[in-house]
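Student: Mapping of the sequence shown onto this note's numbering: residues 1 to 330, in sequence order.
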Amino acid sequence: MHILIVAERAKLPANGYGGLHRMVWGLAKALSDLGHKVSLLCARGSSCPFANVIWRDPSVPIAAQVPTGVDVVHFNAAPPDGFELPYVETIHGNFNKSFSHNAIFVSANHAARHGSSHYVYNGIDWDDPEYANPDLSPRASRRYHFLGKADWKVKNLAGAIAVAKSLPSGSTLDVIGGRRFSFHMGLRFTLSQRIKFHGMVAGERKSALLRQSSGLIFPVVWHEPFGLAVVESLYMGAPVFATPYGALPEIVTPEVGRLSDSRSQMVYDITHADFSPRVCHEYARDVFNARRMAMGYVAKYEKVINGEVLNPVLPAIKTSACESLVWKNE
Numbered sequence: 001m002h003i004l005i006v007a008e009r010a011k012l013p014a015n016g017y018g019g020l021h022r023m024v025w026g027l028a029k030a031l032s033d034l035g036h037k038v039s040l041l042c043a044r045g046s047s048c049p050f051a052n053v054i055w056r057d058p059s060v061p062i063a064a065q066v067p068t069g070v071d072v073v074h075f076n077a078a079p080p081d082g083f084e085l086p087y088v089e090t091i092h093g094n095f096n097k098s099f100s101h102n103a104i105f106v107s108a109n110h111a112a113r114h115g116s117s118h119y120v121y122n123g124i125d126w127d128d129p130e131y132a133n134p135d136l137s138p139r140a141s142r143r144y145h146f147l148g149k150a151d152w153k154v155k156n157l158a159g160a161i162a163v164a165k166s167l168p169s170g171s172t173l174d175v176i177g178g179r180r181f182s183f184h185m186g187l188r189f190t191l192s193q194r195i196k197f198h199g200m201v202a203g204e205r206k207s208a209l210l211r212q213s214s215g216l217i218f219p220v221v222w223h224e225p226f227g228l229a230v231v232e233s234l235y236m237g238a239p240v241f242a243t244p245y246g247a248l249p250e251i252v253t254p255e256v257g258r259l260s261d262s263r264s265q266m267v268y269d270i271t272h273a274d275f276s277p278r279v280c281h282e283y284a285r286d287v288f289n290a291r292r293m294a295m296g297y298v299a300k301y302e303k304v305i306n307g308e309v310l311n312p313v314l315p316a317i318k319t320s321a322c323e324s325l326v327w328k329n330e
């Protein structure tokens with residue numbers, strides 16, 4: 001089939017972290033590898049060796065930029081009103097609004113919280129050089145990491161820092177995705193030299209930090225839609241210590257991590273951890289890869305091409321992203 005993926009604000013390939021960019025790129029590549037024709041409608045300046053690239057012209061309706069012969073259009077934002085071709089829409093975050101009839105979510109929990117049963121797990125192109133050479137040997141270091149947008153309070157960097165400071169002497173926390181000083185949040189939560197801020201990093205620099213980490217500390221206080229940070233950490237051999245919210249109970253199995261809602265329990269779980277980096281890596285490699293994601297979407301594409309409506313009732317938030325979620329700093 002001929003698939004048009006619309007990511008109109010994304011300049012491809014990804015430059016830096018760019019979670020959505022990486023998902024679109026990995027999906028397009030995997031679909032092409034499966035034998036499908038792929039076109040990308042994305043930001044000016046984009047290029048791609050395995051797909052037909054169309055630069056989005058904001059002055060022209062999206063429907064007028066759809067190439068001839070497209071079988072299905074895959075939006076990563078709301079489709080325009082009255083769009084007539086078969087389409088799906090991936091919902092990547094937590095939004096308090098209704099979505100289209102052909103909305104697809106990124107985990108079972110994410111879908112259920114919107115009254116839907118349609119989801120496809122995100123998958124990563126593990127052939128990307130950023131993920132080369134994971135260290136799968138046993139890790140004896142007391143070096144841990146936090147990976148996420150630290151300016152978002154729901155990511156609970158303060159909780160991660162509290163956990164790290166409660167670990168045995170010599171333990172450190174690498175904060176990937178935030179700096180000690182932020183214009184949004186002011187001076188951060190600690191001046192401790194055990195907490196090391198690295199800002200937004202990608203490529204080999206991020207990989208090096210993950211390779212030497214003994215675990216991701218991820219005490220989020222919202223319903224995580226999926227958890228790219230979790231999957232990336234697992235692939236690089238780091239187990240996950242997180243809260244039991246959103247998709248995390250689906251993704252973090254007992255073989256690769258522990259879930260808890262309190263500082264003391266998370267500290268206990270970390271200090272008594274005995275996880276295999278190889279098991280963590282193989283689990284992420286086999287379950288959350290771009291090919292498997294592409295095959296999941298192909299099944300959805302076939303449904304809408306055949307005239308099926310994925311969600312007869314418009315999906316809308318049933319459980320808010322932060323409702324009744326707690327972090328016990330005790």
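C-beta: ideal position from N, C-alpha, C; glycine also.
Just so you know, these numbers come straight off a predicted model, no measurement behind them.
(1) Roughly how many angstroms separate the alpha carbons of Ser214 and Ile195, rounded to a whole number?
(2) Is it right to say Met200 is buried, meaning 16 or more other beta carbons lie within 10 angstroms of its own, or is it exposed?
(3) Need the endpoints of the beta strand (DSSP E) that Pro89 sits in, please.
(4) Do you know offhand how far Leu147's Cα is from Val53's?
(5) Have a look at Gly115 and Asn109 and give me their C-alpha separation to the nearest angstrom.
(6) Is it buried or exposed for Phe50, if we count other Cβ within 10 angstroms and need 16 for buried?
(7) Alpha carbon to alpha carbon, how far is Val298 from Leu41?
(8) Using the Cα positions of Ala64 and Ala284, report the straight-line distance between them to the nearest angstrom.
(9) Is it right to say Asp125 is buried, meaning 16 or more other beta carbons lie within 10 angstroms of its own, or is it exposed?
(10) Since I believe Glu130 is in contact with Ser207 (beta carbons under 8 Å), could you give me their beta-carbon distance rounded to a whole number of angstroms?
(11) Can you tell me whether Ala238 sits near the ligand ZN, meaning its C-beta is under 8 Å from at least one heavy atom of the ligand?
(12) Once DSSP output is grouped into helix, strand and coil, what is the label at Cys280?
(13) How many Å lie between Leu31 and Glu302 at the Cα?
(14) Among Gly19, Pro13, Asp33, Ala43, whose alpha-carbon lies nearest the alpha-carbon of Ala7?
(15) Going by alpha carbons, who is nearest to Ser169 out of Ser39, Tyr235, Pro254, Val267?
(16) Nearest to Val309 by alpha carbon, out of Gly45, Pro86, Val66, His21?
(17) In chain order, which continuous runs of the beta strand (DSSP E) of length 3 or greater are located wholly inside the stretch 32 to 63?
(18) His272 lies in the beta strand (DSSP E); which residues open and close that run?
(19) Can you tell me the Cα-Cα spacing of Lys149 and Pro239, whole angstroms?
(20) What are the start and end residues of the alpha helix (DSSP H) that includes His335?
(21) From the DSSP output, which residues share a beta bridge with Val72?
(22) Would the stretch 308 to 328 and the stretch 95 to 103 be scored as touching if the rule is three or more Cβ pairs under 8 Å?
(23) By Cβ distance, which residues of its chain are closer than 8 Å to Thr271, with the 5 residues on each side in sequence left out?
(24) Would you list, in sequence order, the uninterrupted beta strand (DSSP E) runs of no fewer than 3 residues that lie entirely inside the stretch 164 to 246?
(25) Can you tell me which of Leu248, Phe241, Gly203 puts its alpha carbon nearest to the alpha carbon of Asp274?
(26) Which same chain residues, not among the five before or five after Cys48, have their C-beta less than 8 Å away from its C-beta?
Tutor: In terms of the structure at hand:
(1) Counting from 1 along the sequence shown, the entry for residue 214 is found at position 214. Counting from 1 along the sequence shown, the entry for residue 195 is found at position 195. Their Cα atoms are separated by approximately 15 Å.
(2) As a position in the sequence shown, residue 200 is number 200, starting the count at 1. Flag for Met200 reads exposed.
(3) Within the sequence shown, residue 89 is the residue found at index 89, counting from 1. Here the sequence assigns Glu to residue 89, which means Pro is not the residue at that position. Counting along the chain, the beta strand (DSSP E) containing Glu89 begins and ends at 87 to 90.
(4) Looking up residue 147 in the sequence shown gives position 147. Looking up residue 53 in the sequence shown gives position 53. The alpha-carbon atoms of Leu147 and Val53 are separated by roughly 31 Å.
(5) For the purposes of this step, residue 115 is taken as residue 115 along the sequence shown, with counting starting at 1. For the purposes of this step, residue 109 is taken as residue 109 along the sequence shown, with counting starting at 1. Going from the Cα of Gly115 to the Cα of Asn109 covers about 10 Å.
(6) The sequence position of residue 50 within the sequence shown is 50, counting from 1. Burial call: exposed.
(7) Residue mapping note: residue 298 aligns to position 298 of the sequence shown, counting from 1. Residue mapping note: residue 41 aligns to position 41 of the sequence shown, counting from 1. Their Cα atoms are separated by approximately 18 Å.
(8) Locating residue 64 in the sequence shown gives position 64, where the first residue counts as 1. Locating residue 284 in the sequence shown gives position 284, where the first residue counts as 1. Distance between the alpha carbons of Ala64 and Ala284: 39 Å.
(9) Looking up residue 125 in the sequence shown gives position 125. It counts as buried.
(10) Numbered from its first residue, the sequence shown carries residue 207 at position 207. Numbered from its first residue, the sequence shown carries residue 130 at position 130. Their Cβ separation, rounded to whole angstroms, is 6 Å, which keeps Ser207 and Glu130 in contact under 8 Å.
(11) Absence of the ligand ZN from the depicted structure is noted, as is the absence of any ligand whatsoever, leaving it without description.
(12) Residue 280 sits at position 280 when you count from the first residue of the sequence shown. Cys280: helix per DSSP, three-state reduction.
(13) Here residue 31 refers to the residue found at position 31 when the sequence shown is read from its first residue. Here residue 302 refers to the residue found at position 302 when the sequence shown is read from its first residue. If I take the Cα positions, the gap works out to 13 Å.
(14) For the purposes of this step, residue 7 is identified with residue 7 of the sequence shown, where counting begins at 1. For Ala7, the nearest C-alpha among the options comes from Ala43.
(15) Mapped onto the sequence shown, residue 169 falls at position 169. Looking at the Cα atoms, Val267 is the closest of the given residues.
(16) Taking the first residue of the sequence shown as position 1, residue 309 is located at position 309. Comparing Cα-Cα distances from Val309 to each of Gly45, Pro86, Val66, His21, the minimum goes to Pro86.
(17) 37 to 42, 52 to 55
(18) Here residue 272 is taken as the residue at index 272 of the sequence shown, counted from 1. First-last for His272: undefined, no H or E at that position.
(19) Locating residue 149 in the sequence shown gives position 149, where the first residue counts as 1. Locating residue 239 in the sequence shown gives position 239, where the first residue counts as 1. Approximately 20 Å, taken between the alpha carbons.
(20) Here the chain has residues from 1 to 330 only, and residue 335 is not among them.
(21) Along the sequence shown, read from residue 1 onward, the residue named residue 72 stands at position 72. Per DSSP, Ile3.
(22) Cβ pair count under 8 Å is three or more, so yes.
(23) For this step, residue 271 is matched to residue 271 along the sequence shown. Leaving aside the five residues that flank Thr271 on each side, the residues in its chain whose CB is nearer than 8 Å to its CB run, in chain order, Leu167, Pro168.
(24) 172 to 176, 195 to 199, 216 to 218, 240 to 242
(25) By 1-based counting over the sequence shown, the position of residue 274 is 274. Looking at the Cα atoms, Phe241 is the closest of the given residues.
(26) Looking up residue 48 in the sequence shown gives position 48. Same-chain partners within the cutoff: Leu12, Pro13, Trp25, Ala28, Leu40.
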